[in-house]
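Participant: Numbered according to numbering that gives the first Met the number 0, the sequence shown spans residues 0 to 184. Ideal placement from N, C-alpha and C gives every residue a C-beta, glycine not left out.
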Amino acid sequence: MVRTSSATRTLTTTEAAVLALLALEGEQSGYDLLKLMSKAIGHVWAPAKSQLYAVLPRLARDGLAEARTIVQSARPDKQLYRITPGGRATLDAWLEAVEPGSIDRFYLKLFVGGLTSPDVLIGHAEQFRLDTEARLEELRGIEPTNSRAGNDFFHYFLLRHGIERAEQSLVWADWVLAELRGAAE
Numbered sequence: 000m001v002r003t004s005s006a007t008r009t010l011t012t013t014e015a016a017v018l019a020l021l022a023l024e025g026e027q028s029g030y031d032l033l034k035l036m037s038k039a040i041g042h043v044w045a046p047a048k049s050q051l052y053a054v055l056p057r058l059a060r061d062g063l064a065e066a067r068t069i070v071q072s073a074r075p076d077k078q079l080y081r082i083t084p085g086g087r088a089t090l091d092a093w094l095e096a097v098e099p100g101s102i103d104r105f106y107l108k109l110f111v112g113g114l115t116s117p118d119v120l121i122g123h124a125e126q127f128r129l130d131t132e133a134r135l136e137e138l139r140g141i142e143p144t145n146s147r148a149g150n151d152f153f154h155y156f157l158l159r160h161g162i163e164r165a166e167q168s169l170v171w172a173d174w175v176l177a178e179l180r181g182a183a184e
């Protein structure tokens, strides 16, 4: 979680995702938000259904979103949520806060990058790159200690996967940074 500039509210990743989608897509039901998350960012990150449905009333209670009820005769009443100006200010503070070691949050911030500036995203991408370099160095430090005997033989498969994934993440981060820097000019 990150403390926002108002120093009164902390956003979880799920809360930030909900506020971001409400800012991008407008008023939505919980069901519609789940569909949007699954379709748009589900390949990178998705909250549990129970998480999302717990977050919505909390955001409304805290004044970050507003809820309205649509009465339906054949179905249960539907709750629709929209972001408030206070929710947008809190979201903006979350978008600007650089958070070391938070890959899910970085991916989410990049996904909703249209809500902020390329310069802000460059800061996030630079932090992601630093975190990935540190992780790669850590994994490469483990590699020589793996005997590849007994269970180490099998552990090595995952170690190599981690190393190769980190190496590819660095290539990707460099590409993202180049694209963002081009957009910032």
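By a C-beta neighbour count over all protein chains shown, 10 Å radius and 16 as the cutoff for buried, is residue 146 buried or exposed?
Facilitator: Along the sequence shown, read from residue 1 onward, the residue named residue 146 stands at position 147. Exposed, since its Cβ has fewer than 16 Cβ neighbours within 10 Å.
Participant: To the nearest whole angstrom, what separates the beta carbons of residue 58 and residue 121, a pair I think is in contact under 8 Å?
Facilitator: If you number the sequence shown from 1, residue 58 lands on position 59. If you number the sequence shown from 1, residue 121 lands on position 122. Their Cβ separation, rounded to whole angstroms, is 29 Å, which puts residue 58 and residue 121 out of contact at 8 Å.
Participant: Given that a residue counts as buried once 16 or more other Cβ atoms are within 10 Å of its Cβ, and exposed if not, what is residue 30?
Facilitator: For the purposes of this step, residue 30 is identified with residue 31 of the sequence shown, where counting begins at 1. Residue 30 is exposed by the Cβ-count criterion.
Participant: Let me confirm a value: residue 9 is counted as buried when at least 16 other C-beta atoms fall within 10 Å, else exposed. Which label applies?
Facilitator: On the sequence shown, position 10 is the one that residue 9 refers to. By the neighbour-count rule (16 or more Cβ atoms within 10 Å), residue 9 is not buried but exposed.
Participant: At what residues does the beta strand (DSSP E) containing residue 64 begin and finish?
Facilitator: Looking up residue 64 in the sequence shown gives position 65. Run containing residue 64: 64–69, per the beta strand (DSSP E) assignment.
Participant: Pick from 106, 107, 27: whose alpha carbon is nearest that of residue 68?
Facilitator: By 1-based counting over the sequence shown, the position of residue 68 is 69. Taking only the C-alpha atoms, the option nearest residue 68 is 27.
Participant: Of the choices 139, 170, 150, whose alpha-carbon is the least far from that of residue 162?
Facilitator: Start at 1 with the first residue of the sequence shown, and residue 162 comes out as number 163. Among 139, 170, 150, the Cα nearest to that of residue 162 belongs to 139.
Participant: What number of angstroms, rounded off, separates the C-alpha of residue 84 from the C-alpha of residue 137?
Facilitator: In the sequence shown, residue 84 corresponds to position 85, counting from 1. In the sequence shown, residue 137 corresponds to position 138, counting from 1. Residue 84 and residue 137: Cα-Cα distance of roughly 43 Å.
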